[in-house]
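> Pasting in a structure now, in structure tokens, and then I'll have a few things to ask.
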Amino acid sequence: MQRCASSQPPVEEIHAEEEEEEEDREVFQEMGGVNEEQVGPVEEASAWEPDGRPAPVEHKNGKRAEAGPGAADGGPRFSMFTWLVVVALLGVWSSVAVFYFDIVDYDRVLARAQEFRMNFSEVLQGKLAAYDTDGDGDFDVEDAKVLLGQRRFGGSSERMRTEEEKKKRGRSRAPGETSGEAETNQTKEKTSKPEVETPTQRAPEPEEDGPGAEETSAAVPLPPLDDSHFVPDDPTEPGQRYEEEPGSIDTTGVLVEENQPEETEGESGRYQTSSKLSQEAEAEKPPKAEPEPQTGSTRPTESRQAADGAAEKAAEEQKDKAKKKKPKLLNKIDKSIKSEIDAAERLRKKGNLDLALKAFDSLVQQHPLSPRARYGKAQVQDDLADKLRSNDLLQSAINTYGEAAELPDVTSDLLRAALKRRAERQQFLGRMRGSLATLQKLVNAFPDDVGLRNDLGVAHLLLGDNKGAKKVYEEVLAVAPSNGFAKVHYGFILKAENKIAESIPYLREGLESGEPGTDDGRFYFHLGDALQRVGDDSAYQWYERGHQRGHFASVWQRSLYNVEGLKAQPWWTPQETGYVDLVRMLERNWKTIRDEALAVMDRSRGRFLPEEENLREKGEWGQYTLWQQGKRVGNACQGVPKTCALMERFPEATGCKRGQIKFSVMQPGTHVWPHTGPTNCRLRMHLGLVIPAPGCRIRCTDQTREWEEGKVLIFDDSFEHEVWQDADSYRLIFIVDVWHPELSQYQRQTLSPI
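Here this note's numbering = 1-based position in the sequence shown + 391.
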């Protein structure tokens, strides 16, 4: 600043300044300041220009410059404390100057501050927050009051309030209500609205998963965990990894495992299908209501409330039992190292699997007779196998579970948990015989446990040992005649033995029990099929219930190995399939194909094997298979080389892993029960070769058609269909299964064979 060039100020102003300075000295002394002898006269240290602005203070070589009359007289040198006081006073007056003379660009400062706050908020929350809570365009004291009273910033709707709304709010204030009170009331109203986040709605904070986090977790001592409150990973409880329902049993008693590839969204049709596998993966989604075809037959429907209520009641009872009895996992050795076990277990629960494995491995080495330490190690190996998709790690976990169960003084609860988990993991790896042996050990250790015996029966079924399973379930029903799980499985075995009427009460009563493990599509399927075969129309009530439970795509379409979203209709045209070239080839060469089939029939009828799926009510039905599950069957093509050469050009048929290519001969007087195929992933073509008329017909849903020689019929055999052969001579057709046209190439490669 330039020094003012005006004349000396009036004497009155000088006296007023001297009085103010005297007052300042008195206040300073009262606050504990030093005296004048220490700092010199105050007026020398705080000289002012006539216009009220501070005069510049210049220093040279640490000496005080002359600042006015009397400066030549000299004075004591200033101490360091003096300079601190001077700087403090200068700061006060500088603030005054900044405020009155608008030295600082406040808009720019506020903008920078707002930017800083926004950036800082981004770091903390990962998104921008609303700081202007009252909508006045800036961040002020009232905003701070609101923010300090909240745990989370407001939404975008609060940031977008207009000036007009603020005016309305001001006009609507009650008499005597201040702006701050109005703001507070509005804040209270906001927090009472449903949009306010509840603790259960708030997303959990992500846990740190880096090496530093793991080291910190390991270094910090964890609080002891009471074993009475610790519940081990029970493979029978829902929500556990690798949980596999043991009910996936086909008519031979063999579990079919399949990987679910990516799904395609097919055209929604009249018979839109759904996938059982997808429903299991997305259990939270309610089953979609499917439109059903109008039929000429009567299909009574039944409410599923009774079954749902029974299932819910059984589930609640199971939970209550689990709450009443908490497992005891620690023996004397385990209790002596309980804090170390708890710390390692806490690491496992947090997902720090590498550190947890090291911790449990160290405990096993230090305490080799500790069952709980070894069981914990097996659990970590199990978790790592899941994370890394490693069969070797899973086999290590299986071995470690077995070691834990073999240790002396193992508690009964830990023995049960270790062996059950071991059996389940063995089944997952396909070690069916090993799983059976493990379950037999469990039954021997707990002979009164009906649930373990039921699991043992399933293990026999998975091996195809229906006789062994039947014996187990007869033992269960002898001691627990109302056990629903044993009933449905025993009824299933009777049905597979073609004891149709005997199987019905077991299947029906087992499903009506609603017990865990009974709600499986196969039991609805076989109960309905058994009822149809004895002429009971209540079969469709059970099909309807199975559809409502999400096991069937519709009452008509009851396949169990499905891909969701595929177009679903009973009958197809060649144009709809997209396989026009294949159909044309078959129809052009039908005589060549017929002649080769007849030649094989004349030379050796032994090539036509009887149908083995128990689908005939009566009659004789033989099949000669060329391709099965996408592969040639032995040397079958040697008998019909021209037919096989024609088919080799069409991989949609020869590569269909869920289908067959075969000749089918049916003798007069044959009737095939209503039935459905196993999957919605294929379509079936029938080429007529020898069709006697009349009397040969096929029904699919409510439409019945007849074959013609040299013509192709195409239908989806996942829909219910039925066949009659009432002609005077044999009927011969050529069956070609093709992939459903809406399946992607990836799905065709990765779907499991059927």
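Built from N, CA and C at the ideal position, the CB exists for glycine as well.
With a cut-off of 8 Å on the beta carbons, I'd call T1070 and I1145 a contact; round off their distance for me.
Sequence index remark: in the sequence shown, residue 1070 carries index 679 (1-based). Sequence index remark: in the sequence shown, residue 1145 carries index 754 (1-based). That belief holds up - the Cβ atoms of T1070 and I1145 are roughly 5 Å apart, short of 8 Å.
> Report the start-end ranges of each alpha helix (DSSP H) in the segment 706-760 that is 4 residues or longer and not cut off at the edges.
Listed in chain order, the complete alpha helix (DSSP H) runs (minimum 4 residues) inside the segment 706-760 are 723-727, 729-741 and 744-757.
> Per DSSP, what kind of secondary structure is E1004 in: helix, strand or coil?
Position 613 of the sequence shown holds residue 1004. It is coil, neither helix nor strand.
> I need the straight-line Cα distance from V991 to R985, nearest angstrom please.
Here residue 991 is taken as the residue at index 600 of the sequence shown, counted from 1. Here residue 985 is taken as the residue at index 594 of the sequence shown, counted from 1. Taking the straight line joining both Cα atoms gives about 10 Å.
> Can you tell me whether G969 is buried or exposed? The criterion is at least 16 other CB atoms within 10 Å of its CB, across all chains shown.
By one-based count along the sequence shown, residue 969 stands at place 578. Under this definition G969 is an exposed residue.
> Quick one, which of V954, E893, R816 and G912 has its alpha-carbon nearest V925's?
Indexing the sequence shown from 1 puts residue 925 at position 534. Nearest C-alpha to V925: E893.
> With DSSP as the reference, identify every bridge partner of I1089, one or two as the case may be.
As a first step, residue 1089 is located in the sequence shown; it is residue number 698 there, counting from the start. In DSSP, I1089 forms a bridge with R1096 and V1114.
> Closest to W1012 by C-alpha separation, out of P1059, G1050 and A1027, would be which residue?
Sequence index remark: in the sequence shown, residue 1012 carries index 621 (1-based). Nearest C-alpha to W1012: P1059.
> Compute the distance between the beta-carbons of F883 and H851, then report whether it is under 7 Å.
For the purposes of this step, residue 883 is taken as residue 492 along the sequence shown, with counting starting at 1. For the purposes of this step, residue 851 is taken as residue 460 along the sequence shown, with counting starting at 1. Judged by their CB atoms, F883 and H851 are not nearer to each other than the 7 Å cut-off.
> Assuming Q1051 is part of the beta strand (DSSP E), what are its boundary residues?
Numbered from 1 along the sequence shown, position 660 holds the residue referred to as residue 1051. Looking at the DSSP string, the run of the beta strand (DSSP E) that includes Q1051 is Q1051 to M1057.
> Taking all protein chains shown into account, decide if K716 is buried (16 or more other Cβ within 10 angstroms of its Cβ) or exposed.
Position 325 of the sequence shown, counting from 1, holds the residue named residue 716. It counts as exposed.
> Using only the alpha-carbon positions, how far apart do A1036 and D920 sit?
Taking the sequence shown and counting its residues from 1, the one referred to as residue 1036 is at position 645. Taking the sequence shown and counting its residues from 1, the one referred to as residue 920 is at position 529. Going by the C-alpha atoms only, they are around 39 Å apart.
> Closer than 8 Å is the cut-off here; do at least three beta carbon pairs connect the segment 1016-1025 with the segment 1043-1059?
yes
> Do L830 and A809 come within 7 Å of each other at the CB atom, strictly closer than that value?
Taking the sequence shown and counting its residues from 1, one reaches residue 809 at position 418. Taking the sequence shown and counting its residues from 1, one reaches residue 830 at position 439. Contact flag unset, no.
> How is V870 classed by DSSP in three states: helix, strand or coil?
Taking the sequence shown and counting its residues from 1, one reaches residue 870 at position 479. Secondary structure at V870: helix, using DSSP grouped into helix, strand and coil.
> Distance check for L1142 and R543, CA to CA, integer angstroms please.
As a first step, residue 543 is located in the sequence shown; it is residue number 152 there, counting from the start. As a first step, residue 1142 is located in the sequence shown; it is residue number 751 there, counting from the start. Note that R543 has pLDDT 39, beneath the 50 cutoff, so the model's placement of it is unreliable and the number below is only indicative. The straight-line gap from Cα to Cα measures roughly 48 Å.
> Where P799 and K719 are concerned, what is the direct C-alpha to C-alpha distance, given to the nearest angstrom?
In the sequence shown, counting from the first residue as 1, residue 799 sits at position 408. In the sequence shown, counting from the first residue as 1, residue 719 sits at position 328. Taking the straight line from one Cα to the other gives about 15 Å.
> Tell me the residue span of the alpha helix (DSSP H) that contains V974.
The residue given as residue 974 occupies position 583 in the sequence shown. Start and end: V971 to R979.
> With DSSP run on the structure shown, which of helix, strand or coil describes R822?
Taking the first residue of the sequence shown as position 1, residue 822 is located at position 431. Of the three classes helix, strand and coil, the one that applies to R822 here is coil, per DSSP.
> Could you give the DSSP three-state label for K704: helix, strand or coil?
Sequence index remark: in the sequence shown, residue 704 carries index 313 (1-based). Three-state result, K704: helix.
> CA-CA distance, S1109 and L922?
Here residue 1109 refers to the residue found at position 718 of the sequence shown. Here residue 922 refers to the residue found at position 531 of the sequence shown. If I take the Cα positions, the gap works out to 19 Å.
> Starting from the C-beta of A747, find all residues in its chain whose C-beta is less than 7 Å away, skip the five residues before and the five after it, and write them out in chain order.
Within the sequence shown, numbered from 1, the residue matching residue 747 stands at position 356. Hits under 7 Å: A735, L738, R739 and V771.
> Note down, in chain order, each residue of its chain lying with its Cβ closer than 8 Å to the Cβ of E865, except the 5 sequence neighbours on either side.
Reading the sequence shown from its first residue, position 474 is the one you call residue 865. The answer, listed in chain order, is Y881.
> So, helix, strand or coil for T1061, using DSSP?
Here the question's residue 1061 lines up with position 670 in the sequence shown. Look at T1061 here: in three-state DSSP terms it is strand.
> Are E1039 and W1130 closer than 7 Å when you measure CB to CB?
As a position in the sequence shown, residue 1039 is number 648, starting the count at 1. As a position in the sequence shown, residue 1130 is number 739, starting the count at 1. Contact: no.
> Counting C-beta neighbours from all protein chains within 10 Å, is the total for L1134 16 or more, i.e. buried, or is it exposed?
Stepping through the sequence shown from its first residue, residue 1134 is reached at position 743. Looking at its Cβ environment, which holds 16 or more other Cβ atoms inside 10 Å, L1134 is buried.
> With H, G and I counted as helix, E and B as strand and the rest as coil, what does DSSP make of D1128?
Within the sequence shown, residue 1128 is the residue found at index 737, counting from 1. Note: D1128 maps to strand in three-state DSSP.
> Express the C-alpha separation of L775 and L744 in angstroms, rounding to a whole number.
As a working mapping, residue 744 is identified with position 353 in the sequence shown. As a working mapping, residue 775 is identified with position 384 in the sequence shown. Going by the C-alpha atoms only, they are around 7 Å apart.
> Can you say whether K862 is buried or exposed, counting buried as having 16 or more other CB atoms within 10 angstroms of its CB?
Numbered from its first residue, the sequence shown carries residue 862 at position 471. K862 is exposed by the Cβ-count criterion.
> The alpha helix (DSSP H) spanning T968 covers which residue range?
The residue you call residue 968 lines up with position 577 of the sequence shown. From DSSP, the alpha helix (DSSP H) with T968 extends over P965 to T968.
> Helix, strand or coil: how does DSSP classify D624 here?
Residue numbering aside, residue 624 sits at position 233 when the sequence shown is read from its first letter. With a pLDDT of 38 at D624, under the threshold of 50, the modelled position of this residue cannot be trusted; read the value that follows with caution. In the structure shown, D624 sits in coil (DSSP, three-state: anything other than H, G, I, E or B).
> Mind checking A1084: buried by the 16 CB within 10 Å criterion, or exposed?
For the purposes of this step, residue 1084 is taken as the residue at position 693 of the sequence shown. By the 10 Å Cβ count, A1084 comes out exposed.
> Please determine, among P838, L853, F1106 and V834, the residue with the shortest C-alpha to C-alpha distance to Q817.
As a working mapping, residue 817 is identified with position 426 in the sequence shown. Nearest C-alpha to Q817: L853.
> When DSSP builds the beta bridges, which residues end up paired with H1066?
Within the sequence shown, numbered from 1, the residue matching residue 1066 stands at position 675. Answer is H1112.
> Closest to V801 by C-alpha separation, out of V1024, V1031, R780 and D725, would be which residue?
Mapped onto the sequence shown, residue 801 falls at position 410. Nearest to V801 by C-alpha distance, out of V1024, V1031, R780 and D725, is D725.
> How long is the line joining the alpha carbons of V879 and E935, rounded to whole angstroms?
In the sequence shown, the residue the question calls residue 879 occupies position 488. In the sequence shown, the residue the question calls residue 935 occupies position 544. Using only the alpha carbons, I get a separation of about 18 Å.
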